[in-house]
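As C-alpha coordinates, then:
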(Lines of atoms letter the chains of each structure in order from A and count residues from 1; the text may use other names and numbers.)
(Lines give C-alpha, C1' and ligand atoms only; values in the text may rest on other atoms or scores of the structure.)
Protein backbone atom coordinates (compact mmCIF):
# COMPACT_ATOMS: atom_id res chain seq x y z
CA UNK A 1 0.00 0.00 0.00
CA UNK A 2 1.42 3.37 -0.93
CA UNK A 3 1.92 5.90 1.91
CA UNK A 4 -0.59 8.69 1.76
CA UNK A 5 1.05 12.06 0.98
CA UNK A 6 1.01 14.59 3.80
CA UNK A 7 -0.92 17.77 3.01
CA UNK A 8 1.14 20.95 2.60
CA UNK A 9 0.98 23.29 5.62
CA UNK A 10 -1.61 25.98 5.30
CA UNK A 11 -0.77 29.69 5.28
CA UNK A 12 -2.11 30.00 8.83
CA UNK A 13 0.08 27.13 10.03
CA UNK A 14 3.17 28.72 8.48
CA UNK A 15 2.47 32.04 10.24
CA UNK A 16 2.00 30.26 13.57
CA UNK A 17 5.30 28.37 13.20
CA UNK A 18 7.11 31.64 12.48
CA UNK A 19 5.70 33.21 15.62
CA UNK A 20 6.85 30.22 17.69
CA UNK A 21 10.37 30.50 16.32
CA UNK A 22 10.51 34.23 17.01
CA UNK A 23 9.33 33.76 20.58
CA UNK A 24 12.30 31.56 21.49
CA UNK A 25 14.42 33.65 23.90
CA UNK A 26 17.97 34.50 22.93
CA UNK A 27 20.66 33.92 25.49
CA UNK A 28 22.20 37.14 26.76
CA UNK A 29 25.36 37.84 24.83
CA UNK A 30 24.95 34.80 22.56
CA UNK A 31 26.84 35.25 19.32
CA UNK A 32 28.21 38.66 20.37
CA UNK A 33 31.97 38.99 20.71
CA UNK A 34 31.62 42.35 22.42
CA UNK A 35 29.32 41.20 25.22
CA UNK A 36 30.76 40.52 28.65
CA UNK A 37 28.74 39.65 31.74
CA UNK A 38 28.03 42.43 34.19
CA UNK A 39 28.04 42.01 37.96
CA UNK A 40 24.66 40.26 37.86
CA UNK A 41 25.64 37.98 35.00
CA UNK A 42 23.65 39.83 32.33
CA UNK A 43 25.32 41.09 29.17
CA UNK A 44 26.29 44.74 29.47
CA UNK A 45 27.71 45.32 26.03
CA UNK A 46 31.17 45.86 27.49
CA UNK A 47 33.88 45.59 24.88
CA UNK A 48 35.25 42.09 25.35
CA UNK A 49 38.74 42.90 24.13
CA UNK A 50 39.12 45.83 26.54
CA UNK A 51 37.78 43.73 29.41
CA UNK A 52 40.23 40.91 28.67
CA UNK A 53 43.16 43.32 28.39
CA UNK A 54 42.29 44.90 31.74
CA UNK A 55 41.99 41.49 33.37
CA UNK A 56 45.31 40.38 31.91
CA UNK A 57 47.06 43.50 33.23
CA UNK A 58 45.56 43.03 36.68
CA UNK A 59 46.84 39.45 36.73
CA UNK A 60 50.22 40.27 35.21
CA UNK A 61 53.16 38.82 37.06
CA UNK A 62 55.64 41.07 38.89
CA UNK A 63 58.19 40.07 36.25
CA UNK A 64 55.94 41.29 33.44
CA UNK A 65 55.27 44.60 35.20
CA UNK A 66 58.99 45.06 35.83
CA UNK A 67 59.78 44.44 32.17
CA UNK A 68 57.22 47.03 31.09
CA UNK A 69 58.57 49.63 33.53
CA UNK A 70 62.15 48.88 32.54
CA UNK A 71 61.39 49.47 28.87
CA UNK A 72 59.65 52.76 29.65
CA UNK A 73 62.51 54.08 31.79
CA UNK A 74 65.44 52.48 29.97
CA UNK A 75 67.40 55.74 29.35
CA UNK A 76 67.19 56.74 33.01
CA UNK A 77 68.07 53.27 34.27
CA UNK A 78 71.00 53.05 31.86
CA UNK A 79 72.25 56.42 33.14
CA UNK A 80 72.10 55.17 36.73
CA UNK A 81 74.04 52.04 35.77
CA UNK A 82 76.69 54.12 33.99
CA UNK A 83 77.09 56.37 37.05
CA UNK A 84 77.45 53.30 39.25
CA UNK A 85 80.17 51.87 37.02
CA UNK A 86 82.04 55.16 37.05
CA UNK A 87 81.83 55.58 40.82
CA UNK A 88 80.32 52.60 42.64
CA UNK A 89 78.50 53.78 45.79
CA UNK A 90 79.53 52.08 49.01
CA UNK A 91 76.87 49.88 50.62
CA UNK A 92 75.14 50.98 53.79
CA UNK A 93 74.29 54.49 52.63
CA UNK A 94 71.10 56.54 52.43
CA UNK A 95 69.32 56.09 49.11
CA UNK A 96 66.80 58.66 47.83
CA UNK A 97 64.51 57.32 45.10
CA UNK A 98 61.38 58.61 43.39
CA UNK A 99 60.12 61.16 40.92
CA UNK A 100 61.31 64.60 39.78
CA UNK A 101 61.33 66.06 43.30
CA UNK A 102 64.25 63.71 43.96
CA UNK A 103 65.82 64.09 40.52
CA UNK A 104 65.87 67.90 40.77
CA UNK A 105 67.27 67.99 44.30
CA UNK A 106 70.68 69.26 43.25
CA UNK A 107 73.33 69.01 45.93
CA UNK A 108 71.42 66.25 47.70
CA UNK A 109 74.52 64.08 47.90
CA UNK A 110 76.22 66.69 50.11
CA UNK A 111 73.14 68.15 51.83
CA UNK A 112 73.56 65.89 54.86
CA UNK A 113 77.27 66.01 55.78
CA UNK A 114 76.75 63.67 58.74
CA UNK A 115 75.82 60.93 56.25
CA UNK A 116 78.93 59.45 54.59
CA UNK A 117 77.04 58.01 51.60
CA UNK A 118 73.97 59.65 50.05
CA UNK A 119 72.72 58.36 46.69
CA UNK A 120 70.19 60.16 44.46
CA UNK A 121 68.19 58.04 42.03
CA UNK A 122 65.18 60.10 40.96
CA UNK A 123 63.60 59.94 37.51
CA UNK A 124 61.19 62.67 36.48
CA UNK A 125 57.60 61.80 35.68
CA UNK A 126 57.80 58.45 37.42
CA UNK A 127 55.06 57.04 39.58
CA UNK A 128 54.98 55.09 42.81
CA UNK A 129 53.97 52.09 40.73
CA UNK A 130 57.23 52.45 38.76
CA UNK A 131 59.32 52.52 41.93
CA UNK A 132 57.55 49.36 43.11
CA UNK A 133 58.08 47.64 39.76
CA UNK A 134 61.79 48.55 39.65
CA UNK A 135 62.95 47.76 43.18
CA UNK A 136 65.48 45.27 41.82
CA UNK A 137 67.12 48.06 39.77
CA UNK A 138 66.57 51.10 41.99
CA UNK A 139 67.22 49.72 45.48
CA UNK A 140 68.67 46.24 45.78
CA UNK A 141 72.05 46.86 44.07
CA UNK A 142 72.94 49.60 46.58
CA UNK A 143 72.25 47.63 49.77
CA UNK A 144 71.35 50.85 51.63
CA UNK A 145 70.71 51.07 55.34
CA UNK A 146 67.87 53.53 54.61
CA UNK A 147 65.68 54.22 51.58
CA UNK A 148 63.88 57.58 51.38
CA UNK A 149 61.04 57.34 48.86
CA UNK A 150 59.14 60.22 47.28
CA UNK A 151 56.54 59.15 44.72
CA UNK A 152 52.79 59.04 44.29
CA UNK A 153 51.96 62.56 43.18
CA UNK A 154 52.12 61.62 39.50
CA UNK A 155 49.99 58.52 40.07
CA UNK A 156 47.16 60.65 41.46
CA UNK A 157 47.47 63.14 38.61
CA UNK A 158 47.07 60.25 36.16
CA UNK A 159 43.91 58.95 37.84
CA UNK A 160 45.13 56.46 40.44
CA UNK A 161 43.23 56.26 43.72
CA UNK A 162 44.71 56.65 47.23
CA UNK A 163 44.10 52.93 47.71
CA UNK A 164 46.15 52.23 44.57
CA UNK A 165 49.04 54.18 46.07
CA UNK A 166 48.88 52.21 49.29
CA UNK A 167 49.00 48.99 47.28
CA UNK A 168 52.08 50.16 45.34
CA UNK A 169 53.82 51.22 48.55
CA UNK A 170 53.10 47.86 50.18
CA UNK A 171 54.61 46.12 47.13
CA UNK A 172 57.68 48.32 47.37
CA UNK A 173 58.10 47.57 51.08
CA UNK A 174 57.58 43.84 50.73
CA UNK A 175 60.22 43.51 48.03
CA UNK A 176 62.82 45.54 49.93
CA UNK A 177 62.18 43.78 53.23
CA UNK A 178 62.36 40.35 51.61
CA UNK A 179 65.73 41.01 49.96
CA UNK A 180 67.20 43.44 52.52
CA UNK A 181 65.51 42.77 55.89
CA UNK A 182 67.81 45.16 57.76
CA UNK A 183 67.08 48.12 55.47
CA UNK A 184 64.73 50.80 56.76
CA UNK A 185 62.29 52.66 54.51
CA UNK A 186 61.06 56.23 54.98
CA UNK A 187 58.17 57.60 52.95
CA UNK A 188 58.17 61.32 52.16
CA UNK A 189 54.56 62.49 52.21
CA UNK A 190 53.03 63.83 49.00
CA UNK A 191 53.62 67.57 48.84
CA UNK A 192 50.70 70.02 48.34
CA UNK A 193 51.58 71.35 44.89
CA UNK A 194 49.58 74.52 44.02
CA UNK A 195 49.17 73.35 40.42
CA UNK A 196 47.45 70.19 41.62
CA UNK A 197 44.99 71.56 44.15
CA UNK A 198 42.23 69.52 42.48
CA UNK A 199 43.93 66.42 43.90
CA UNK A 200 44.42 67.79 47.42
CA UNK A 201 41.80 65.54 49.03
CA UNK A 202 43.30 62.48 47.36
CA UNK A 203 46.79 63.54 48.47
CA UNK A 204 45.68 63.76 52.08
CA UNK A 205 43.89 60.43 51.94
CA UNK A 206 46.87 58.69 50.36
CA UNK A 207 49.23 60.21 52.92
CA UNK A 208 46.98 59.04 55.76
CA UNK A 209 46.69 55.51 54.38
CA UNK A 210 50.45 55.17 54.01
CA UNK A 211 51.14 56.77 57.39
CA UNK A 212 48.77 54.31 59.07
CA UNK A 213 50.52 51.40 57.37
CA UNK A 214 53.94 52.72 58.37
CA UNK A 215 53.01 53.02 62.05
CA UNK A 216 52.52 49.25 62.26
CA UNK A 217 56.16 48.43 61.37
CA UNK A 218 59.21 49.61 63.30
CA UNK A 219 61.33 49.33 60.16
CA UNK A 220 59.26 52.00 58.40
CA UNK A 221 59.15 55.77 58.85
CA UNK A 222 56.85 58.54 57.65
CA UNK A 223 58.31 61.99 56.94
CA UNK A 224 55.59 64.64 56.89
CA UNK A 225 56.63 67.47 54.58
CA UNK A 226 53.02 68.11 53.51
CA UNK A 227 51.97 69.93 56.69
CA UNK A 228 55.17 71.99 56.81
CA UNK A 229 54.48 73.32 53.30
CA UNK A 230 51.09 74.86 54.19
CA UNK A 231 50.49 78.35 55.54
CA UNK A 232 48.30 79.18 58.54
CA UNK A 233 45.20 79.05 56.33
CA UNK A 234 46.03 75.57 55.05
CA UNK A 235 47.13 76.74 51.60
CA UNK A 236 50.42 75.79 49.90
CA UNK A 237 53.17 78.33 50.51
CA UNK A 238 53.98 79.77 47.05
CA UNK A 239 57.58 80.66 47.89
CA UNK A 240 58.39 76.95 48.18
CA UNK A 241 57.75 76.38 44.46
CA UNK A 242 59.20 77.55 41.18
CA UNK A 243 57.10 79.26 38.52
CA UNK A 244 55.31 76.08 37.40
CA UNK A 245 53.86 75.76 40.92
CA UNK A 246 54.76 72.07 40.86
CA UNK A 247 58.48 71.69 41.43
CA UNK A 248 60.36 72.95 44.45
CA UNK A 249 62.34 76.17 44.72
CA UNK A 250 65.62 76.46 46.59
CA UNK A 251 63.60 77.52 49.63
CA UNK A 252 61.39 74.48 49.21
CA UNK A 253 64.36 72.14 49.19
CA UNK A 254 65.78 73.96 52.19
CA UNK A 255 62.59 73.15 54.07
CA UNK A 256 62.76 69.52 52.97
CA UNK A 257 66.35 69.27 54.15
CA UNK A 258 65.38 70.60 57.56
CA UNK A 259 62.46 68.18 57.94
CA UNK A 260 64.25 65.14 56.51
CA UNK A 261 67.51 65.48 58.45
CA UNK A 262 65.96 64.38 61.74
CA UNK A 263 64.87 61.10 60.13
CA UNK A 264 68.28 60.08 58.77
CA UNK A 265 69.91 59.19 62.04
CA UNK A 266 70.74 55.47 62.43
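Residue numbers (the working numbering): 3 to 268. Glycine residues also receive a C-beta, built at the ideal position from the N, C-alpha and C atoms.
Excluding the 5 residues flanking residue i on each side, which residues of the same chain have their C-beta closer than 6 Å to its C-beta?
i           : result
residue 203 : none
residue 134 : 170, 173, 174
residue 181 : 142
residue 128 : 101
residue 201 : 158
residue 84  : none
residue 152 : 100, 103, 104, 190
Would you report the Cα separation of residue i and residue j, rounded to the nearest angstrom?
i           : j           : result
residue 222 : residue 256 : 24 Å
residue 147 : residue 248 : 30 Å
residue 173 : residue 217 : 17 Å
residue 197 : residue 98  : 24 Å
residue 219 : residue 212 : 11 Å
residue 236 : residue 154 : 21 Å
residue 253 : residue 242 : 5 Å
residue 250 : residue 130 : 19 Å
residue 93  : residue 140 : 13 Å
residue 158 : residue 176 : 22 Å
residue 107 : residue 234 : 26 Å
residue 81  : residue 87  : 10 Å
residue 69  : residue 156 : 20 Å
residue 71  : residue 160 : 16 Å
residue 205 : residue 74  : 25 Å
Using only CA atoms, which one of the options lies nearest to residue i?
i           : options           : result
residue 227 : 69, 264, 200, 218 : 264
residue 167 : 74, 132, 107      : 132
residue 145 : 96, 160, 206, 161 : 96
residue 178 : 245, 137, 87, 86  : 137
residue 215 : 230, 165, 71, 244 : 165
residue 91  : 118, 78, 71       : 118
residue 259 : 79, 245, 73, 230  : 230
Leaving out five residues before and five after residue i in sequence, what residues of the same chain have Cβ atoms less than 7 Å from its Cβ?
i           : result
residue 126 : 101, 102, 105
residue 76  : none
residue 209 : 191, 192, 228
residue 67  : 135
residue 246 : 197
residue 317 : A question about residue 317 goes unanswered here, because the residues of the chain that appear run from 3 up to 268.
Grab me the residues of residue i's own chain with a C-beta within less than 8 Å of its C-beta, minus the 5 sequence neighbours each way, in chain order.
i           : result
residue 225 : 150, 188, 189, 190, 191, 261, 262, 265
residue 112 : 120
residue 232 : 194, 238, 239
residue 115 : none
residue 110 : 98, 104, 120, 122
residue 207 : 164
Take the Cβ of residue i as the centre, count every other Cβ of all protein chains shown within 10 Å, and call the residue buried at 16 or more, exposed below.
i           : result
residue 267 : exposed
residue 185 : buried
residue 123 : buried
residue 199 : exposed
residue 162 : buried
4-residue-minimum alpha helix (DSSP H) runs that sit fully inside the segment 70-119, ordered along the chain:
The DSSP assignment places complete alpha helix (DSSP H) segments of no fewer than 4 residues inside the segment 70-119 at 76-88, 102-105, in order along the chain.
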